[in-house]
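Trainee: Here the protein sequences line up with chains A and B, keeping their order.
Last residue of the first sequence? That's 191 in the working numbering, and every number before it is there in order.
Last residue of the second sequence? That's 382 in the working numbering, and every number before it is there in order.
Number of protein chains: 2
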Amino acid sequence: MSCKVCSVTRGRPRSEESRRAVLSAALGLCERDGYQAVTLKDIAAAAGVGRQTLYRWWGEKAEILLEALGELAAEGLAAPEPSGDPAADLEEFLVRTFGSAGTYVGAVVVGVMVDGQGRPELGERVRRELIQPRRGELRPLLDRVLPPEVDRELAVDLVFGAMWYRLLNRHAPVDGAFAREVAAAVLRMAG
Amino acid sequence: MSCKVCSVTRGRPRSEESRRAVLSAALGLCERDGYQAVTLKDIAAAAGVGRQTLYRWWGEKAEILLEALGELAAEGLAAPEPSGDPAADLEEFLVRTFGSAGTYVGAVVVGVMVDGQGRPELGERVRRELIQPRRGELRPLLDRVLPPEVDRELAVDLVFGAMWYRLLNRHAPVDGAFAREVAAAVLRMAG
DNA sequence: CTTTATCGAGGCACTGTGTCTCGTTAATAG
DNA sequence: CTATTAACGAGACACAGTGCCTCGATAAAG
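Right, here's the structure in full:
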């Protein structure tokens, strides 16, 4: 174990049990009450943890949920083995991604992103830990269906942009059917 | 003039001067400090207005900015006369829209949308007064470049989605160059 | 001139945040 | 075993922003 700042192995070690309790309580409260309604007090109370422990290790709600989302992603990492059909691989990836985003998890992601709007440092973490990894997963799938003259970054913006737009604006569901429509549009763009 | 609730024309009329001062002060503070940092106290002080006046007519920050954005949109309505070239019309519309979104106005729009996330009623207003009108403007432009088998709503989601994704995530600028790329992608999708 | 509803100004309770201090507890160092 | 160290749960505190209330003043209609 290590001290919070000096990484010397002395003193009482950080409680892994408390950490798990906090992440689990935070996700549970977000699912039940919605991200915006959850406070640090709520999380501390639900996790059976002192408030100071939250400020010591995270500091704010968005950082807690960012870590919780990271663990969720690590659990369901579902290695996408390439089949013989690049178009089917793309579609399957989008169906899985959009399907997950359509649950409360997507609402939490939106909440974290939203909190990052007014705080550049947090925004940078969100970008690095939440957004860029997904872009990195999508790019190779697009490489296998798009001709070289189509810009990859633009295609990624169009695909994930459509997803985010619906997550924010809620004019239509984010689900597998939408994922298939978007996949078809990409293939149409491929010509 | 009319009473706030009963619309009987009696009593002191609402001050149009105060209303303009509030909207102007709100936009100015957002431009200077960023949407999230602005408070109702700040707006009241900058507008030289009592706080109760804000609660009487608007109730919260997002509603003030929503009205201010509405007036901005009404001023710069720039009737888009159709030229002979549908592709050029689409591109011009996107260049103007993305260009505006790239300024602090886009950040205000994001802030209002963000506040609407945790408040269904406000979210509905944002959708109706801010999002749907833009979709309505884009649709006929797409009609003139897309073949009938391409779904319009999906195309709108892809175009504005890409814009919103960049506004939120800030991994790349929202500007005229991006607008032209998106327009080209739509034309490519048209085949 | 009376009635009415707005005006700017300010007070107050409430909530969530962030910092601080307790006494306690679980590790390592000697 | 004992001392040291740092995290633990719990709670107090100041601070900021919100939302509601009241006040005397003001500008319109009847």
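Where a beta carbon is used, it is the ideal one built from N, C-alpha and C, also for glycine.
All of these numbers come straight from a predicted model, not from anything done at the bench.
Grouping DSSP H, G and I as helix and E and B as strand, with all else coil, what is THR294/B?
Mentor: Working through the second sequence from its first residue, we reach residue 294/B at position 103. Correct three-state label for THR294/B: coil.
Trainee: Looking at SER18/A and VAL49/A, is the spacing between their C-beta atoms short of 8 Å?
Mentor: For the purposes of this step, residue 49/A is taken as residue 49 along the first sequence, with counting starting at 1. For the purposes of this step, residue 18/A is taken as residue 18 along the first sequence, with counting starting at 1. Result yes, Cβ atoms of VAL49/A and SER18/A sit closer than 8 Å.
Trainee: With DSSP as the reference, label SER274/B as helix, strand or coil.
Mentor: Within the second sequence, the letter at position 83 stands for residue 274/B. Reduced to three states, the DSSP call for SER274/B is coil.
Trainee: So what's LEU76/A in DSSP terms, helix, strand or just coil?
Mentor: Your numbering for residue 76/A matches position 76 in the first sequence. The identity of residue 76/A in the sequence shown is Gly, whereas the question assumes Leu. Residue state, collapsed to three classes: coil.
Trainee: In or out: GLN117/A buried (at least 16 other Cβ within 10 Å) or exposed?
Mentor: The residue you call residue 117/A lines up with position 117 of the first sequence. Buried.
Trainee: Shortest alpha-carbon distance to SER274/B belongs to which of ALA265/B, GLU222/B, PRO324/B, PHE284/B?
Mentor: Taking the second sequence and counting its residues from 1, one reaches residue 274/B at position 83. Checked all of ALA265/B, GLU222/B, PRO324/B, PHE284/B; the closest Cα to SER274/B is PHE284/B.
Trainee: Strictly below 7 Å CB to CB, what residues from chain A border GLY225/B?
Mentor: For the purposes of this step, residue 225/B is taken as residue 34 along the second sequence, with counting starting at 1. Result: GLY118.
Trainee: What residues of chain B sit near GLU71/A, judged by a beta carbon separation below 8 Å?
Mentor: The count along the first sequence starts at 1 and reaches residue 71/A at position 71. Per Cβ cutoff of 8 Å: no residues; GLU71/A is ~22 Å from chain B at best.
Trainee: Closer than 8 Å, CB to CB, is ARG166/A near chain B or not?
Mentor: Here residue 166/A refers to the residue found at position 166 when the first sequence is read from its first residue. Yes, because at least one Cβ of chain B sits closer than 8 Å to the Cβ of ARG166/A.
Trainee: Residues of chain B with CB under 9 Å from ALA87/A, in chain order?
Mentor: Translated into positions along the first sequence, residue 87/A becomes position 87. In chain order: nothing, as chain B lies at least about 16 Å away.
Trainee: Of all the CB atoms in chain B, is at least one closer than 8 Å to the CB of PHE93/A?
Mentor: Against the first sequence, residue 93/A aligns to sequence position 93. No, PHE93/A does not count as interfacial toward chain B.
Trainee: Using Cβ-Cβ distances below 9 Å, what residues of the stretch 131–146 of chain A are close to chain B?
Mentor: For the stretch 131–146 of chain A, which is checked against every Cβ of chain B, the residues closer than 9 Å are ILE131, GLN132, ARG135.
Trainee: Skipping 5 residues on each side, what residues in its chain have a beta carbon closer than 8 Å to that of GLU372/B?
Mentor: Here residue 372/B is taken as the residue at index 181 of the second sequence, counted from 1. Around GLU372/B: no qualifying Cβ.
Trainee: Could you list which residues in chain B have their beta carbon closer than 8 Å to that of ALA177/A, in chain order?
Mentor: Taking the first sequence and counting its residues from 1, one reaches residue 177/A at position 177. By Cβ distance, chain B contributes nothing, its closest Cβ being about 11 Å from ALA177/A, past 8 Å.
Trainee: Can the beta-carbon of LEU245/B be found less than 8 Å from the beta-carbon of VAL213/B?
Mentor: Taking the first residue of the second sequence as position 1, residue 245/B is located at position 54. Taking the first residue of the second sequence as position 1, residue 213/B is located at position 22. The answer is yes: Cβ separation under 8 Å.
Trainee: Determine, using beta-carbon pairs with one atom in the stretch 251–268 of chain B and one in the stretch 225–232 of chain B, whether at least three such pairs fall under 8 Å.
Mentor: The stretch 251–268 of chain B is in contact with the stretch 225–232 of chain B.
Trainee: Around the Cβ of ALA363/B, are there at least 16 other Cβ atoms within 10 angstroms (buried) or fewer (exposed)?
Mentor: Stepping through the second sequence from its first residue, residue 363/B is reached at position 172. It counts as exposed.
Trainee: On a Cα-Cα basis, can you pick out the residue from ARG335/B, ARG319/B, CYS221/B, GLY267/B that is closest to ALA279/B?
Mentor: Numbered from its first residue, the second sequence carries residue 279/B at position 88. With distances taken between Cα atoms, ALA279/B lies closest to ARG335/B.
Trainee: What residue range does the alpha helix (DSSP H) around HIS320/B cover?
Mentor: Within the second sequence, residue 320/B is the residue found at index 129, counting from 1. The residue you asked about is not His; residue 320/B is Glu in the sequence shown. That residue, GLU320/B, is in no alpha helix (DSSP H); it is neither H nor E in DSSP.
Trainee: Within 10 Å of its beta-carbon, does CYS3/A have 16 or more other beta-carbons around it, so buried, or fewer, so exposed?
Mentor: Within the first sequence, the letter at position 3 stands for residue 3/A. So CYS3/A counts as exposed.
Trainee: VAL108/A and LEU69/A look like a contact to me (Cβ under 8 Å); what is the Cβ gap, rounded to whole Å?
Mentor: The residue labelled residue 108/A in the question sits at position 108 within the first sequence. The residue labelled residue 69/A in the question sits at position 69 within the first sequence. Sure, about 6 Å apart at Cβ, within 8 Å.
Trainee: Are the stretch 287–295 of chain B and the stretch 366–380 of chain B touching, with three or more C-beta to C-beta distances below 8 Å?
Mentor: Because the criterion of three Cβ pairs below 8 Å is met, the stretch 287–295 of chain B and the stretch 366–380 of chain B touch.
Trainee: Inspect the beta-carbon positions of VAL341/B and MET380/B and report whether they are closer than 8 Å.
Mentor: Within the second sequence, the letter at position 150 stands for residue 341/B. Within the second sequence, the letter at position 189 stands for residue 380/B. Yes, the Cβ-Cβ distance between VAL341/B and MET380/B is below 8 Å.
Trainee: How many angstroms separate the CA atom of ARG128/A from the CA atom of GLU207/B?
Mentor: Taking the first residue of the first sequence as position 1, residue 128/A is located at position 128. Taking the first residue of the second sequence as position 1, residue 207/B is located at position 16. Cα-Cα distance, rounded: 47 Å.
Trainee: Ordered along the chain, which non-local residues of its own chain (more than five positions away) have a Cβ less than 6 Å from that of GLY302/B?
Mentor: Taking the second sequence and counting its residues from 1, one reaches residue 302/B at position 111. TYR226, listed in sequence order.
Trainee: Whose CA, out of ARG12/A, LEU29/A, PRO140/A, ARG170/A, lies closest to the CA of LEU90/A?
Mentor: Here residue 90/A corresponds to residue number 90 of the first sequence, with the count starting at 1. Answer by Cα proximity: PRO140/A.
Trainee: In chain order, what residues of the same chain have a beta carbon less than 6 Å from the beta carbon of ARG134/A, not counting five sequence neighbours either side?
Mentor: Here the question's residue 134/A lines up with position 134 in the first sequence. Within the same chain, ARG134/A has no close Cβ partners at all.
Trainee: Cα separation between GLY382/B and MET163/A?
Mentor: For this step, residue 382/B is matched to residue 191 along the second sequence. For this step, residue 163/A is matched to residue 163 along the first sequence. So the two alpha carbons sit approximately 23 Å from each other.
Trainee: Under DSSP, the alpha helix (DSSP H) around VAL182/A begins and ends at which residues?
Mentor: Here residue 182/A refers to the residue found at position 182 of the first sequence. First-last of the alpha helix (DSSP H) with VAL182/A: 176–190.
Trainee: May I ask which residues mark the beginning and end of the alpha helix (DSSP H) holding LYS232/B?
Mentor: Here residue 232/B refers to the residue found at position 41 when the second sequence is read from its first residue. Unbroken alpha helix (DSSP H) run through LYS232/B: 231–238.
Trainee: At the level of alpha carbons, what is the spacing between ASP42/A and GLU71/A?
Mentor: Reading the first sequence from its first residue, position 42 is the one you call residue 42/A. Reading the first sequence from its first residue, position 71 is the one you call residue 71/A. Taking the straight line from one Cα to the other gives about 21 Å.
Trainee: Tell me, to the nearest whole angstrom, how far the beta carbon of LEU359/B is from that of MET113/A; I am working on the premise that it is less than 8 Å.
Mentor: Working through the second sequence from its first residue, we reach residue 359/B at position 168. Working through the first sequence from its first residue, we reach residue 113/A at position 113. The pair is a contact, with the Cβ atoms about 6 Å apart (cut-off 8 Å).
Trainee: Comparing the C-beta of ASP233/B with each C-beta of chain A, is any distance below 8 Å?
Mentor: Along the second sequence, one-based indexing puts residue 233/B at 42. No, its Cβ sits nowhere closer than 8 Å to a Cβ of chain A.
Trainee: For GLY267/B, is the classification buried or exposed, using 16 other Cβ atoms within 10 angstroms of its Cβ as the cut-off for buried?
Mentor: What you label residue 267/B is simply residue 76 of the second sequence in a count that begins at 1. With fewer than 16 other Cβ atoms within 10 Å, it is exposed.
Trainee: Could you give the first and the last residue of the continuous alpha helix (DSSP H) run that contains TRP249/B?
Mentor: Residue 249/B sits at position 58 when you count from the first residue of the second sequence. It is not in any alpha helix (DSSP H) - TRP249/B carries neither H nor E in the DSSP assignment.
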